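Encoded as structure tokens, the structure appears first; notes follow it.
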Amino acid sequence: MRESGRISENAKKWLEVILGTLLCIAIVGSIRPDDPLLLNLHFPWLILLPMLFALYYGSAAGGASLALIGGWQWIRDLSGASPYSVFPVEFMVGCFLVVLITGQFSEIWSARIRRLSNVCAYSEDRLVRLNRDYYILKLAHDKLVQLFATKPSTIRDALIGVRKLVCDLGPLPSFAGGDALLDLLVHHYQLSRAGIFRCSGTVEGAEMVASTGSLEPLVADDPLVQFALLKGAMVHINARDLESVEKSRYLVAMPMLDHDDVLIGMFVIEDMPFSMLHEENLTAMQVIISYFVADIDLSCESGAIISAFPSCPRSFADELVR
8 MRESGRISEN AKKWLEVILG TLLCIAIVGS IRPDDPLLLN LHFPWLILLP
58 MLFALYYGSA AGGASLALIG GWQWIRDLSG ASPYSVFPVE FMVGCFLVVL
108 ITGQFSEIWS ARIRRLSNVC AYSEDRLVRL NRDYYILKLA HDKLVQLFAT
158 KPSTIRDALI GVRKLVCDLG PLPSFAGGDA LLDLLVHHYQ LSRAGIFRCS
208 GTVEGAEMVA STGSLEPLVA DDPLVQFALL KGAMVHINAR DLESVEKSRY
258 LVAMPMLDHD DVLIGMFVIE DMPFSMLHEE NLTAMQVIIS YFVADIDLSC
308 ESGAIISAFP SCPRSFADEL VR
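Residue numbers (the working numbering): 8 to 329.
Below, the structure written as structure tokens:
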């Protein structure tokens, strides 16, 4: 299609040159039949026609127009209808030089304009791409700002908070710190309904020690809870090998095991924002809860040392047990 358009444009150009020249010759010949080339005037006005074509279309078009004028005059000389005694060679040579210079000027500046147009088109394309990339970067930046706004601290900060929480519980910590742990998780991960239950080797008759939202007692036969006990680790509703997931009332379930792999508690989430329910946050919650259970288990053993030596710092007693 581009080639056909270019051919039609060239045909239009040459048709304009030929018809324009013939029309001008006819008009001048009808007005001044005794001087069709306007040689007797103070200025050779007929030279303007091929010069304009040379400026507009290049040297070839101007030369073609001049060739038509010269050919028309040569035919009149051969037929004896020319008002001039001799063929105006000097006029034709002068016109040819003017057309040649004019055409070269036109072609040089046309090439420069095309080059500048290509540079401008490339710059415009680059600007559009930069604008699009900048917009995408702005969206990514806004998303990061939103993520940091909803998740203001890191896992390290959360672990430091858990460590301080366990240390504040005294020499014989237990699930008494469950409320503080759950508050910490709610603060970091925006839990709507979640709870921590104390267990004694089994989830039957589990005692709720901390909860947020209107959480009901633990459903021991819930598919997600049973699957978590089977895996011995945190599971969630996206687990591929979990069957009957639509029957579970929980989103996340995690058994809390001591160093002997004895079940001492169960952590469940019934509702939380969908945007926060992803692998990174689930892993972080598992690390925090495991760290809490490990510190409680460790502090129970170091409590004997603190009881025997009340002035012994808690951190030193924990290191001795380790």
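The C-beta atom is built at its ideal place from N, Cα and C for all residues, glycine as well. Quick caveat, the model's predicted, so the values are computed rather than measured.
Can you tell me the Cβ-Cβ gap for A260 and V300, rounded? I've got them flagged as a contact below 8 Å.
15 Å between Cβ atoms; not a contact.
Please report the straight-line C-alpha distance between L73 and I54, rounded to a whole angstrom.
8 Å
Taking buried to mean at least 16 other C-beta atoms within 10 Å of its own C-beta, is I295 buried or exposed?
buried
Leaving out five residues on either side along the sequence, give the residues of the same chain with a beta carbon under 6 Å from the beta carbon of D84.
F94
Consult DSSP for G36 and reduce its assignment to one of helix, strand or coil.
helix
Extent of the continuous alpha helix (DSSP H) run through P57:
55-64
Which of the three DSSP states is assigned to I203 in this structure?
strand
Cβ-based neighbour list, L236, same chain, cut-off 8 Å, excluding 5 preceding and 5 following:
V210, P262, L270
When you compare the CB positions of M241 and L289, do they come within less than 8 Å of one another, or not?
yes
Should G202 be labelled buried (16 or more other beta-carbon atoms within 10 Å of its own) or exposed?
buried
In the DSSP assignment, find the beta strand (DSSP E) that holds L264 and state where it starts and stops.
259-264
Three-state secondary structure assigned by DSSP to V294
helix
R39 and L45: beta carbons closer than 8 Å?
yes
What is the DSSP secondary structure of I271, reduced to helix, strand or coil?
strand
Contact under 8 Å by Cβ, D197 with M273:
Note on residue identity: the sequence assigns Gln, not Asp, to residue 197. It is not a contact, given that the beta carbons lie outside the stated cut-off.
Option nearest E286 by Cα separation, candidates L258, V152, L26
L258
Starting from the Cα of W3, find the closest Cα among Y63, P51, C206 and give me that residue.
For the chain, the structure presents residues 8 to 329; residue 3 sits outside this window and is missing.
Residue range of the alpha helix (DSSP H) that includes V232:
230-238
So which of G185, F103, G208, L225 has the shortest CA-CA distance to D267?
G208
Between which two residues does the beta strand (DSSP E) containing V210 stretch?
Counting along the chain, V210 falls outside any beta strand (DSSP E), and DSSP gives it neither H nor E.
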